[in-house]
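The sequence shown: position 119 = 735 (our numbering), numbered continuously.
We treat Cβ as the ideally placed atom computed from N, Cα and C, and that holds for glycine.
Report on the structure given below.
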Amino acid sequence: MSEQCNLCAGRGLIIRDNEAEQCPCVKQRLVDNRFKASQIPPKMSKHTFEGFQLTYYSDHKIDPVKKTSYRGSASTTLQAAKNFVRSYLDDPHTPGLLFTGPVGSGKTFLACCIANTLLAKNKNLLFAVVPDLLDQIKATYDTNRLNTVTETQLLDTAREVPLLILDDLGAHNYTDWTRNKIYSIINHRLNYLLPTIITSNINLEDLDEYLGERTTSRIFQMCRPYRLLVDVDIRMQEARR
Ligand SMILES: Nc1ncnc2c1ncn2[C@@H]1O[C@H](COP(=O)(O)OP(=O)(O)OP(=O)(O)O)[C@@H](O)[C@H]1O
Ligand SMILES: [Mg+2]
Ligand SMILES: [Zn+2]
């Protein structure tokens, strides 16, 4: 405990009406720890469903697959995200989601809305940015470094956490080695019916080219796919405002 609570001086107990009771800081610390453990970057911890704006998605451009406007598709995707939260609270083995779409279309934003809502409801989860996770695993091989975590620990966390957000499973240069790591996470989660929310800028039909057939087939089995389409990167749209 680095910063001491001035109610209980770090003891975790306060005396009220001559009786000891748990200091509110104990619960707050649990919330803080859960949030820290989720590894959601602070900037993204503010993303909520209320802040998800549909106006960024064109209401006249047509999604060629869904035959609805971009806004219509985004609205369906938003609803699917909200439905996931509801189902997950009911059943922790509910199927996951796959958000695809171009750069700056709100995929990560929406995944964070799910994560933040569930964290607020005391659920444990992990937000893993795929390229970073792969780098962290690689770094455990470096014998010159004082490694505090092992590859197995990193992989086990991603395999076993009740809800995993795999952010940016995108169009990177995958090697056999990186494909195997991703396969081992996905395969375990499928076998144990642990939901995964994936964001990716790869089109569904190209997924197997990047990730291989076995991983792709499993992703389709465990995640429902949804699209977010924009004609202009939302980061650019924000910058113009
Ligand atoms: N629906 C939305 N409502 C409000 N702001 C949004 C929305 N979608 C995205 N943004 C804003 O745009 C930024 C970029 O969105 P996000 O990171 O979700 O894009 P992405 O689809 O994950 O892109 P990439 O493929 O580059 O990872 C967000 O940080 C947020 O500020
Ligand atoms: Mg993203
Ligand atoms: Zn206290």
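Nonlocal neighbours in the same chain, by C-beta distance under 7 Å from residue i, ignoring five residues either side
i: Ile-630; result: Leu-623, Cys-624, Glu-637 and Cys-639
i: Asn-807; result: none
i: Arg-687; result: Leu-670, Tyr-673, Ser-674 and Asp-675
i: Arg-761; result: Ala-755
i: Val-777; result: Asn-740, Leu-741 and Leu-742
Residue closest to residue i, alpha-carbon to alpha-carbon, out of the options
i: Phe-836; options: Arg-843, Val-846, Glu-825 and Leu-820; result: Leu-820
i: Leu-734; options: Thr-764, Gly-722 and Leu-779; result: Leu-779
i: Arg-795; options: Ile-781, Glu-619, Leu-823 and Gln-769; result: Leu-823
i: Ala-749; options: Asp-783, Leu-726 and Thr-716; result: Reading off the sequence, residue 749 comes out as Leu, not Ala. The shortest C-alpha separation from Leu-749 is found at Asp-783.
i: Asp-772; options: Tyr-799, Pro-841 and Leu-726; result: Tyr-799
i: Asn-789; options: Thr-766, Asn-699 and Val-746; result: Val-746
i: Glu-825; options: Asp-847, Arg-856 and Asp-792; result: Asp-792
i: Lys-845; options: Arg-650, Asn-738, Thr-684 and Thr-759; result: The residue asked about is misnamed: residue 845 is Leu in this sequence, not Lys. Here the closest residue by C-alpha is Thr-684.
Cβ neighbours of residue i in the same chain (closer than 8 Å, five flanking residues each side left out)
i: Val-681; result: Arg-843
i: Thr-766; result: Thr-756
i: Lys-698; result: Phe-665
i: Asn-763; result: Ala-755 and Thr-756
Cβ distance (whole Å) where residue i is taken to contact residue j below 8 Å
i: Cys-839; j: Thr-812; result: 6 Å
i: Leu-705; j: Phe-668; result: With 8 Å as the limit, Leu-705 and Phe-668 do not qualify as a contact, their Cβ atoms being about 19 Å apart.
i: Ala-787; j: Ile-818; result: 5 Å
i: Gly-712; j: Asp-849; result: Rounded, the Cβ-Cβ distance is 26 Å, inconsistent with contact.
i: Val-701; j: Ile-730; result: 6 Å
Pairwise C-alpha distance: residue j and residue i
i: Gln-853; j: Pro-718; result: 14 Å
i: Pro-657; j: Asn-634; result: 42 Å
i: Ser-689; j: Thr-664; result: 19 Å
i: Tyr-673; j: Lys-723; result: 13 Å
i: Ala-653; j: Ala-744; result: 11 Å
i: Met-617; j: Ile-802; result: Summary for Met-617: the model assigns pLDDT 42, below 50, so the residue's position carries little reliability; its value from the coordinates is reported in the next sentence. Their Cα atoms are separated by approximately 36 Å.
i: Ser-833; j: Leu-646; result: 37 Å
i: Asn-732; j: Pro-841; result: 21 Å
i: Asp-751; j: Leu-714; result: 23 Å
i: Glu-829; j: Arg-775; result: 20 Å
Nonlocal neighbours in the same chain, by C-beta distance under 6 Å from residue i, ignoring five residues either side
i: Cys-641; result: Cys-621
i: Leu-809; result: His-709
i: Met-660; result: Cys-728
i: Arg-632; result: none
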